[in-house]
């Protein structure tokens, strides 16, 4: 018997100012599309701020979040 586990690491690159060509407003839908296209069981993010993580949590129903922020474990 074999078991498959898909893990994805995704760098959100902070919530850049709206006038930036790489602002979160310009990237958020694409980020969600890429993540859902791979359907990872485990999703690890880097450089995400609360607004980005909240958006992903809304777009990925059933997600359970555990965050390690500056050495403090936060679970929701």
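In this note's numbering, the protein residues as written are 13 to 88. Cβ atoms here follow ideal geometry from the backbone N, Cα and C, with glycine treated the same way. Note that the coordinates shown come from a computational prediction; the quantities given were computed from them, not determined experimentally.
Return the first residue and the last residue of the alpha helix (DSSP H) that residue 21 is part of.
That residue, residue 21, is in no alpha helix (DSSP H); its beta strand (DSSP E) goes 19-23.
Determine which residues share a DSSP beta bridge with residue 54 and list them.
Answer by DSSP bridge pairing, in chain order: 19.
Excluding the 5 residues preceding and the 5 following residue 60 in the sequence, name in chain order all residues of the same chain whose CB lies nearer than 7 Å to its CB.
Result list for residue 60: 24, in chain order.
Of the listed residues 18, 33, 78, 13, nearest to residue 58 (C-alpha basis)
For residue 58, the nearest C-alpha among the options comes from 78.
Own chain, CB closer than 6 Å to residue 18, minus 5 neighbours either side, in chain order:
Excluding sequence neighbours, residue 18 sits near 52, 53.
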